[in-house]
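These protein sequences, in sequence, are chains A and B. For the first sequence, the positions run 6 to 395 when my numbering is used. For the second sequence, the positions run 16 to 334 when my numbering is used.
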Amino acid sequence: MLRRYVLGRILAGVVGILVFLTVIFFGVRLLVPGDFADNFAVGGGGVQGTIREALGLNTPLWQQYLLWIGRTLTLDLGRTPRGPTVMSQIVAALPWTLTMFAIGLGGAFFVGVKIGRWAGWRKQSTSPTTLGAATLTSVFPPWLVFLAFYFGLNLLGFRVFNDITAFDFELWDDGRRQFPILWIALATVAALSVLVFIVSTRVSHRYRRATRRWGALAVALVCPLIWTLFDIRSHVYDILLFLLLPSLVLFLISIGDIILVISASMDGLSEKDFALTARAKGLTDREVRDRHAGRVALLPALSRLTANLPFALGGLVIIEASFARLGGYRIPIPGVASVLFGSLRERDLVVVMGGLVIVGVLTLLLRIGLDLAVATIDPRVQLEKVIVRA
Amino acid sequence: MPRRMAWIRGWVRAVWSHVEAKIGFAIIVVFAVAAIAHPVLLNTVWLPGIYDPRAGYDRAINHPSSPSAAHWLGTDAFGKDTFSMLLAGTGPALVAALTAALVTAVVALTVAALSAGFRTADRALSVLVDAGLYLPVPVVMLIIGADPRADRLTPLMFGLVFGVLTGVSSAALVLRAQAMPVMASGYVDAARIAGATTRQVVLRHLIPALIPIASAYVVLAAAGAVITQGFLSWLSYTATYNDWGTLVYWAIVTRDFTGALLWHVILAAGGVLTALTLGFHLLAIGLRRAAQIPWNSGPGATQDSSPQPEMSVPEVITV
């Protein structure tokens with residue numbers, strides 16, 4: 006059943022992506038008038054005509070469309086006027102975005118679920134305050150939160166974000182060091198975390214929680230050792246420090262919604278039959294809350310997260326663009342959004358379209374991942390979808 | 016009020032019974048009054064030479080200045096009155112938000128109604144909605160705003176584009192999910208048996224049933240429009256001159272020659288932007304509660320366990 010569900014989900018995603026690519030192709034042409042020759046060629050109409058011919062821009066639009074779709078599906082997103090391919094630029098920028106996304110949204114989900122569970126379990130006296138604060142955080146404009154943090158921390162004497170020029174980051178240099186550094190760092194953390202998760206599912210239920218806790222500690226201790234072996238530890242720390250502010254902002258603007266959803270889902274669960282049964286079996290109140298009611302409340306939060314992914318990515322774009330604006334566009338956070346933003350300012354449409362494709366594919370992959378998580382937790386979802394499709 | 020529209024009165028009463036809706040509505044009304052008051056003040060009480068939001072300058076004091084009796088929120092580095100600039104920015108923000116809300120409502124309701132009423136259209140529209148979800152709205156607005164001829168992004172145009180994009184993606188997803196159970200409900204079956212066509216069912220039963228739910232998401236879209244417009248104006252990507260985001264930008268940039276950040280301007284502009292967003296957000300909470308939708312059935316809920324909202328069913332059913 007799960008296999009059929011997964012296949013159906015992927016197929017629907019592929020169709021959606023094809024429509025999405027079509028919308029991007031014609032949408033960008035509609036929204037951003039002019040082509041490469043208009044924007045970059047100097048020397049009059051003759052030069053522009055030659056460039057158009059060389060790049061195939063004088064062919065009919067439908068031919069350009071088919072060519073672009075074909076190349077995009079083979080992961081060839083084109084080449085920029087500067088030289089490097091669009092794909093190499095985006096692959097270099099991707100780990101920055103993924104790291105911010107993981108720290109900001111992942112952290113918000115982890116902490117938000119815990120606070121939401123606690124606030125929604127019983128009508129405690131502190132709950133309204135927590136929920137009120139959560140509502141407030143969800144209405145703060147992300148770029149204002151970013152500015153507040155930036156200037157607030159600088160007023161308090163934390164100058165870390167002014168020292169960004171000390172880094173030898175060069176976004177457009179393919180041979181730059183931080184590209185493999187971030188990928189190695191991310192791969193280390195991901196591989197060890199998956200290992201801990203697999204081990205924890207194999208051990209007895211009684212030791213599962215302890216295994217995960219000690220495993221998380223082991224990951225935190227072993228990762229720096231591995232980074233030392235690769236001689237990248239100090240660079241990873243620098244990068245994490247650099248990403249602290251944008252990740253913190255993403256964390257703050259995401260956590261309110263998660264708390265509200267979880268606490269609303271927890272409402273009334275303490276009186277349900279399964280909670281009474283669990284208590285009757287001798288489980289403590291906390292165990293009933295976390296192991297039984299908490300899982301039930303997790304489902305809507307995951308669903309909500311799935312639908313909110315484009316908004317979270319949009320928030321990331323806002324944060325990255327705000328950072329670039331603050332530095333007078335000189336020192337961007339070299340994530341996917343900044344590649345997109347920089348290209349927009351230079352009218353580099355090939356990169357703009359490539360960036361949008363990556364944002365879309367990233368959203369699709371994350372959505373499929375979250376859908377699978379929901380389907381694994383709640384088998385009724387698989388059944389419902391398969392029946393609906395049949 | 017005709018009998019057929021009587022459910023609207025019940026719905027408004029249900030919304031008004033929630034304190035969040037009252038506070039949210041009051042905040043929005045205050046902003047609307049401020050937007051109307053600005054030109055009136057400039058033509059009556061305030062001297063345009065001093066309080067004009069684009070060219071005003073008070074020669075009697077040094078600039079930038081802190082809040083005082085003459086300038087309630089101080090002045091910026093160019094000598095313009097902060098309070099007057101804030102009031103001038105209220106109109107564009109409200110126009111953008113309300114246009115976005117209206118367009119979102121029309122687009123999302125159309126998509127949901129077509130999907131629920133016509134199976135063939137549903138297949139095509141569900142793919143379109145799915146594709147729309149891959150595209151973050153702020154990014155598209157950024158692409159439009161980044162055009163050197165960005166003057167085209169007036170508040171009205173901003174609201175229009177934002178509304179279409181939101182309406183065809185997240186709002187349509189939610190309303191489509193809510194429309195399906197309505198079409199399968201008993202009273203719709205009864206209407207069909209009584210001889211109602213699909214068009215009549217959609218217009219007389221489905222759309223009135225969706226309006227209470229749609230209103231909550233539409234008001235949230237207005238909040239999103241306020242946030243995004245503030246962001247775009249902070250990047251100088253909007254056509255109007257006195258947007259709140261623009262005030263924040265100048266308050267930061269002018270520190271190079273004033274020697275300090277203009278905190279009173281940043282806090283005032285950030286504060287009003289957050290307050291208006293909060294107003295829309297609270298109103299959305301009230302509308303959601305009135306439609307009896309819990310927070311967990313928000314955008315993307317793959318299965319909605321909430322009961323079919325009572326208020327969403329018209330009190331008078333006529334074919």
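No residue lacks a Cβ here, since even glycine has one placed at the ideal position from N, Cα and C.
Worksheet item: Is the distance from the Cβ of B:L276 to the Cβ of A:F156 below 8 Å?
Response: yes
Item to complete: Go through its chain and collect everything with a Cβ distance to A:G180's Cβ below 8 Å, but skip five positions before and after it.
Response: Residue placement at A:G180 cannot be trusted, given a pLDDT of 41 that sits under 50; what the coordinates show is reported in the next sentence. For A:G180, where only same-chain residues beyond five positions count, there are no Cβ hits under 8 Å.
Worksheet entry | Distance CB(A:L274)-CB(A:A302) smaller than 8 Å | yes
Item to complete: Work out the CA separation of B:L168 and A:L345 for me, nearest whole Å.
Response: 20 Å
Discussion item. Please classify B:K95 as buried or exposed, where buried requires at least 16 neighbouring CB atoms within 10 angstroms.
Written reply: buried
Worksheet entry | Proximal residues of chain A, C-beta to C-beta of B:L109 below 7 Å | Within chain A, no residue comes near B:L109; the closest Cβ sits about 16 Å away, beyond 7 Å.
Practice prompt. Name, going along the chain, the residues of the region 41-63 of chain B whose beta-carbon falls closer than 7 Å to a beta-carbon of chain A.
Written response: none
Worksheet entry | Cβ pair B:G174, B:A131 closer than 8 Å | no
Fill in: Residues that B:S80 bridges to, as DSSP identifies them
B:T90
Worksheet item: To the nearest angstrom, how far is it from the Cα of B:L102 to the Cα of B:W259?
Response: 9 Å
Worksheet item: Considering only the beta carbon of each residue, do A:P146 and B:T292 sit closer than 8 Å?
Response: yes
Practice prompt. Use the C-beta contact count for B:D91: other C-beta atoms within 10 angstroms, 16 or more gives buried, fewer gives exposed.
Written response: buried
Practice prompt. Kindly confirm or deny that the region 312-328 of chain A and the region 241-256 of chain B touch, where touching means at least three C-beta pairs closer than 8 Å.
Written response: yes
Worksheet item: Can we say the region 215-226 of chain B touches the region 259-273 of chain B, given the rule of at least three CB pairs closer than 8 Å?
Response: no
Worksheet item: Got a sec, what are the start and stop residues for the alpha helix (DSSP H) A:F151 sits in?
Response: P147 to L160
Worksheet item: Which residues of chain A have a Cβ atom closer than 8 Å to the Cβ of B:F246, listed in chain order?
Response: P146, P147, W148, I323, A326 and S327
Fill in: Reduced DSSP category for A:D353 - H, G, I as helix; E, B as strand; rest coil
coil
Worksheet item: Would B:G274 count as contacting chain A if we go by Cβ distances under 8 Å?
Response: no
Worksheet item: When DSSP labels each residue in this structure, what does A:V362 get in the three-state scheme?
Response: helix
Discussion item. Can you find the residues in the same chain that come closer than 7 Å, C-beta to C-beta, to B:L143, ignoring five residues on each side of it along the sequence?
Written reply: V183
Worksheet entry | Beta-carbon neighbours of A:A113, restricted to chain B and to distances below 8 Å | Near A:A113 there are no residues of chain B at all, since even the closest Cβ is about 16 Å away, more than 8 Å.
Item to complete: Quick one: which residues of the region 83-109 of chain A get their C-beta closer than 9 Å to a C-beta of chain B? List them in chain order.
Response: none
Fill in: DSSP three-state assignment for A:R84, whether helix, strand or coil
strand
Fill in: Run of the alpha helix (DSSP H) containing B:I226, from where it starts to where it stops
I222 to W249
Fill in: Listed by chain order, chain A residues near B:G285 by CB distance under 7 Å
L149
Practice prompt. Measure the beta-carbon distance from B:A263 to B:A284 and round it to whole angstroms, keeping in mind my assumption that it falls under 8 Å.
Written response: Before going further, note that residue 263 of chain B is Val rather than Ala in the sequence given. Confirmed, about 5 Å.
Discussion item. Any beta carbon from chain B within less than 8 Å of A:I169's own beta carbon?
Written reply: Low local confidence applies: a pLDDT of 45 at A:I169 is under 50, so the model's placement there is unreliable, and no value is given.
Fill in: Closest Cα partner of A:I231 within the set A:L191, A:S268 and A:I260
A:L191
Worksheet entry | Option nearest A:I29 by Cα separation, candidates A:D376, A:V364, A:T381 and A:G374 | A:V364
Discussion item. Between B:I158 and chain A, is the shortest Cβ-Cβ distance under 8 Å, so that the two count as touching?
Written reply: yes
Fill in: Simplified DSSP state of A:T90, which is helix, strand or coil
strand
Worksheet entry | Collapsed DSSP secondary structure at A:D295 in the structure displayed | helix
Practice prompt. Confirm, please, whether the CB-CB distance from A:T85 to A:V356 is below 8 Å.
Written response: yes
Item to complete: Would you verify that the beta carbon of A:V204 is, or is not, closer than 8 Å to some beta carbon of chain B?
Response: no
Fill in: A:T233 - containing alpha helix (DSSP H), residue span
H210 to L234
Worksheet item: How many angstroms separate the CA atom of A:G13 from the CA atom of A:G374?
Response: 13 Å
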